[in-house]
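To start, the structure itself, in structure tokens.
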Amino acid sequence: METQTRVLLQTLVLLSFFVHLSQSVCVDGAPETEAVLGEQMKLTCIFCMKREEVKATTHVNWYYVLAKDENGKTLDREHIFQYKDGHPEEVDGPWMGRLVWNGSQDLQDLSIRILNVTYNDSGTYECKVTRKFMFDYFTPSFSDMKAIELRVREKATKNQTALYSEIMMYVLLVFLTFWLLVEMVYCYRKISKSDEQAQDAATNYLAIPSEQKDNPTAPVTE
Numbered sequence: 002m003e004t005q006t007r008v009l010l011q012t013l014v015l016l017s018f019f020v021h022l023s024q025s026v027c028v029d030g031a032p033e034t035e036a037v038l039g040e041q042m043k044l045t046c047i048f049c050m051k052r053e054e055v056k057a058t059t060h061v062n063w064y065y066v067l068a069k070d071e072n073g074k075t076l077d078r079e080h081i082f083q084y085k086d087g088h089p090e091e092v093d094g095p096w097m098g099r100l101v102w103n104g105s106q107d108l109q110d111l112s113i114r115i116l117n118v119t120y121n122d123s124g125t126y127e128c129k130v131t132r133k134f135m136f137d138y139f140t141p142s143f144s145d146m147k148a149i150e151l152r153v154r155e156k157a158t159k160n161q162t163a164l165y166s167e168i169m170m171y172v173l174l175v176f177l178t179f180w181l182l183v184e185m186v187y188c189y190r191k192i193s194k195s196d197e198q199a200q201d202a203a204t205n206y207l208a209i210p211s212e213q214k215d216n217p218t219a220p221v222t223e
């Protein structure tokens with residue numbers, strides 16, 4: 002019985018490990034930079050929080066760069082979208098009605114989406130994030146900015162890197178699923194074998210006459 006309980010606990014720990022892996026994880030990757038004419042395009046802006054248990058207020062401003070100097074530094078930009086006080090807000094201008102919030106509930110993904118992409122949407126976009134952390138005795142703030150260079154094409158081009166990454170992701174998922182099934186079958190067989198051994202031992206004990214149980218034969222010595 003002890004062996005059976007231990008095996009069941011190991012199985013539960015293994016299942017909880019896979020459930021933990023299946024939960025969402027913040028990954029700050031390179032954003033997509035090519036949009037297709039007439040379709041939607043997500044402008045990805047991810048700022049992971051190192052400690053999710055810390056409360057913070059998040060303010061996001063999106064800009065479209067109008068002019069740069071010869072070193073690539075922004076000289077002029079236009080405010081096109083913002084997330085403030087827990088609500089996304091559009092800003093009056095050429096993008097009015099064509100931008101929608103595409104961020105996550107935990108505000109680690111702060112992306113927006115462009116509807117009905119046109120050639121005029123090509124250019125540089127900036128995502129500025131300001132976070133104010135709520136501690137007991139002080140409230141430090143943090144600001145950072147990311148730039149996205151967007152190019153609009155008439156037709157979509159194949160991204161070999163993304164294709165290979167997707168294939169590897171599915172291969173890894175299939176492998177982990179198969180490994181989990183093998184572990185579950187192994188645990189089940191181990192439990193069944195333990196039950197059979199316990200049942201055989203009980204049967205053999207019951208088959209011994211009661212007199213022999215009370216007076217076991219003493220070992221023979223020369």
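All residue numbers for the sequence shown refer to the working numbering, where the first residue is 2 and numbers rise by one.
For glycine and all other residues, C-beta sits at the position ideal for the given N, C-alpha and C.
Since we're looking at a predicted model, the values are computed, not measured.
Residues sharing a beta bridge with residue i, DSSP
i: Asn62; result: Gln83, Lys129
i: Arg78; result: Val66
i: Leu35; result: It is worth fixing the name first, because residue 35 is Glu in this sequence and not Leu. Answer by DSSP bridge pairing, in chain order: Arg152.
i: Glu91; result: Phe82
i: Met42; result: Ile115
i: Ala57; result: Phe134
i: Gly124; result: Leu151
Rounded distance between the beta-carbons of residue j and residue i, thought under 8 Å
i: Leu38; j: Arg154; result: 7 Å
i: Lys43; j: Asn103; result: 6 Å
i: Val55; j: Phe134; result: 6 Å
i: Glu90; j: Met97; result: In fact, because the Cβ distance is near 11 Å, the residues do not count as touching under 8 Å.
i: Ala148; j: Thr125; result: 6 Å
Top-ranked residue by Cα proximity to residue i, from the options
i: Asp145; options: Asp86, Val183, Arg99, His60; result: His60
i: Gly30; options: Asp122, Lys51, Asp110, Asn62; result: Asp110
i: Glu33; options: Leu174, Ala157, Gln200; result: Ala157
i: Lys85; options: Val130, Lys69, Asn121; result: Val130
i: Glu127; options: Ser105, Ser166, Ile81; result: Ile81
i: Thr58; options: Gln41, Thr75, Leu108; result: Leu108
i: Ala36; options: Asp137, Gln106, Pro89, Arg152; result: Arg152
i: Tyr64; options: Tyr189, Val172, Asp122; result: Asp122
i: Ser112; options: Phe176, Cys49, Tyr189; result: Cys49
Contacting residues, own chain, Cβ-Cβ under 6 Å from residue i (five flanking each side not counted)
i: Ile47; result: Asp29, Asp110
i: Ser23; result: Low confidence applies to Ser23: its pLDDT is 44, below 50, so where it sits in the model is not reliable enough to give any reading.
i: Tyr120; result: Val153
Under the three-state DSSP convention, the category residue i falls into
i: Arg190; result: helix
i: Val28; result: coil
i: Phe143; result: strand
i: Phe48; result: coil
i: Asp110; result: strand
i: Trp102; result: strand
i: Met185; result: helix
i: Phe136; result: coil
i: Met97; result: coil
i: Leu173; result: helix
Closer than 7 Å: residue i CB and nearest the ligand GDP heavy atom
i: Trp63; result: With respect to the ligand GDP, the structure offers nothing, as it holds no ligand at all.
Own chain, CB closer than 7 Å to residue i, minus 5 neighbours either side, in chain order
i: Leu67; result: Asp77, Arg78, Glu79
i: Lys74; result: none
Neighbourhood of residue i by C-beta distance below 8 Å, restricted to the same chain and skipping five residues each side
i: Gln200; result: none
i: Gln83; result: His60, Val61, Asn62, Trp63, Pro89, Glu90, Val92
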